[in-house]
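Peer 1:
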Amino acid sequence: DPKIIQKPKYLVAVTGSEKILICEQYLGHNAMYWYRQSAKKPLEFMFSYSYQKLMDNQTASSRFQPQSSKKNHLDLQITALKPDDSATYFCASSHPTGGGYEQYFGPGTRLTVL
Amino acid sequence: TQTVSQSDAHVTVFEGDSVELRCNYSYGGSIYLSWYIQHHGRGLQFLLKYYSGNPVVQGVNGFEAEFSKSDSSFHLRKASVHWSDSAVYFCAVTMATGGNNKLTFGQGTVLSVIP
Numbered sequence: 156d157p158k159i160i161q162k163p164k165y166l167v168a169v170t171g172s173e174k175i176l177i178c179e180q181y182l183g184h185n186a187m188y189w190y191r192q193s194a195k196k197p198l199e200f201m202f203s204y205s206y207q208k209l210m211d212n213q214t215a216s217s218r219f220q221p222q223s224s225k226k227n228h229l230d231l232q233i234t235a236l237k238p239d240d241s242a243t244y245f246c247a248s249s250h251p252t253g254g255g256y257e258q259y260f261g262p263g264t265r266l267t268v269l
Numbered sequence: 110t111q112t113v114s115q116s117d118a119h120v121t122v123f124e125g126d127s128v129e130l131r132c133n134y135s136y137g138g139s140i141y142l143s144w145y146i147q148h149h150g151r152g153l154q155f156l157l158k159y160y161s162g163n164p165v166v167q168g169v170n171g172f173e174a175e176f177s178k179s180d181s182s183f184h185l186r187k188a189s190v191h192w193s194d195s196a197v198y199f200c201a202v203t204m205a206t207g208g209n210n211k212l213t214f215g216q217g218t219v220l221s222v223i224p
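Chains as they are written, first to last, in our numbering: chain Y, 156 to 269; chain D, 110 to 224.
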């Protein structure tokens with residue numbers, strides 16, 4: 156059974172629209188993260204959450220907003236989409252302290268913005 | 110600022126060969142060094158990590174890595190590769206303290222194993 160679920164697997168959006176990327180983990184972890192991988196840049200850290208609280212935000216734009224409705228959920232809302240947002244977005248989780256170097260990654264959501 | 114450099118974008122070897130994937134880092138603090146593997150179309154999987162102690166650490170599937178403070182390196186090795194080892198390998202650094210658990214990745218090395 157998949158331990159980290161990301162939905163949808165593929166997503167196509169038009170410029171200016173808004174989308175929500177879903178992430179659920181069933182590993183019992185209390186820390187969750189978002190990373191982005193694109194052709195132009197290597198894997199890039201976006202956010203970290205611990206016990207549903209934001210720990211770090213490395214995105215330059217407020218168009219990216221994580222949402223944690225439950226402790227095993229960390230969704231990513233992206234507004235005013237741009238073609239440069241096209242990338243694969245990975246959700247990850249870990250134990251919150253001491254084990255943060257071992258993160259478990261979901262399969263990713265591949266976002267294409269036209 | 111943490112930086113991680115993987116100097117080889119692509120490495121191609123034959124099945125049964127040994128391989129070394131190189132990683133150099135720059136960071137002036139207490140860090141964890143780790144390696145991750147990404148098979149095509151999949152998420153990343155943790156292979157191994159180093160924090161302190163024996164500089165040679167063992168991971169899954171016969172992988173090992175050696176830390177060198179003098180060279181600021183953490184190279185990944187495998188004595189005999191299998192075709193299923195074909196994947197992208199990422200070296201990563203994270204601070205041992207601070208709490209945000211941010212992984213800073215290198216650019217990745219594509220390993221192609223010819224059967």
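Ideal Cβ positions, reconstructed from N, Cα and C, are used throughout, including at glycine.
Report the partner residues of D:M204 according to the DSSP bridge assignment.
Peer 2: Per DSSP, D:I140.
Peer 1: Spell out whether any CB of chain Y is found under 9 Å from the CB atom of D:G125.
Peer 2: Output row for D:G125: interface = no.
Peer 1: Rounded to whole angstroms, what's the CA-CA distance from Y:S224 to Y:D230? Just pull it up for me.
Peer 2: Computed Cα separation, rounded: 8 Å.
Peer 1: Taking beta-carbon pairs under 8 Å, can you tell me which members of the stretch 196-224 of chain D lie near chain Y?
Peer 2: Against chain Y - using a Cβ distance shorter than 8 Å - the residues of the stretch 196-224 of chain D are F199, A201, T203, G208, N209, N210, K211, L212, T213, F214, G215, Q216, G217.
Peer 1: Of the residues Y:N227, Y:Q213, Y:K174, Y:Q192, which one's Cα is nearest the Cα of Y:Q207?
Peer 2: Checking every option, the nearest Cα to that of Y:Q207 belongs to Y:N227.
Peer 1: Taking only beta carbons into account, state which residues of the stretch 174-197 of chain Y come closer than 8 Å to chain D, listed in chain order.
Peer 2: Cβ contacts with chain D come from A186, Y188, Y190, P197.
Peer 1: Which word fits D:S189, buried or exposed, when buried means at least 16 other C-beta atoms lie within 10 angstroms of its C-beta?
Peer 2: Exposed: under 16 other Cβ atoms inside 10 Å.
Peer 1: Any beta carbon of chain Y sitting closer than 9 Å to that of D:L130?
Peer 2: Not one chain Y Cβ lies under 9 Å of D:L130.
Peer 1: Determine the contact status of D:Y134 and D:K158, defining contact as a CB-CB distance below 9 Å.
Peer 2: Taking 9 Å as the Cβ cut-off, D:Y134 and D:K158 do not qualify as a contacting pair.
Peer 1: Considering only the alpha carbon of each residue, which of Y:S216, Y:P262, Y:S241 lies closest to Y:K195?
Peer 2: If we check each option's Cα against that of Y:K195, Y:S241 comes out closest.
Peer 1: Is the Cβ-Cβ distance between D:K187 and D:V128 less than 9 Å?
Peer 2: For D:K187 and D:V128, yes; Cβs fall inside 9 Å.
Peer 1: The beta strand (DSSP E) that contains D:L185, what's its start and end?
Peer 2: First-last of the beta strand (DSSP E) with D:L185: 182-187.
Peer 1: For Y:Q213, go through chain D and note every residue whose CB falls closer than 8 Å to its CB, in chain order.
Peer 2: Those are K211, listed as they occur along chain D.
Peer 1: What residue from Y:P221, Y:P262, Y:L269, Y:V268 has the CA that sits closest to Y:I160's CA?
Peer 2: Among Y:P221, Y:P262, Y:L269, Y:V268, the Cα nearest to that of Y:I160 belongs to Y:P262.
Peer 1: Does D:S116 pass the burial test, meaning 16 or more other C-beta atoms within 10 Å, or should it be called exposed?
Peer 2: By the 10 Å Cβ count, D:S116 comes out exposed.
Peer 1: Quick one: which unbroken beta strand (DSSP E) runs of 3-plus residues sit fully inside the stretch 179-215 of chain Y? Chain order, please.
Peer 2: Listed in chain order, the complete beta strand (DSSP E) runs (minimum 3 residues) inside the stretch 179-215 of chain Y are 186-192, 199-205, 208-212.
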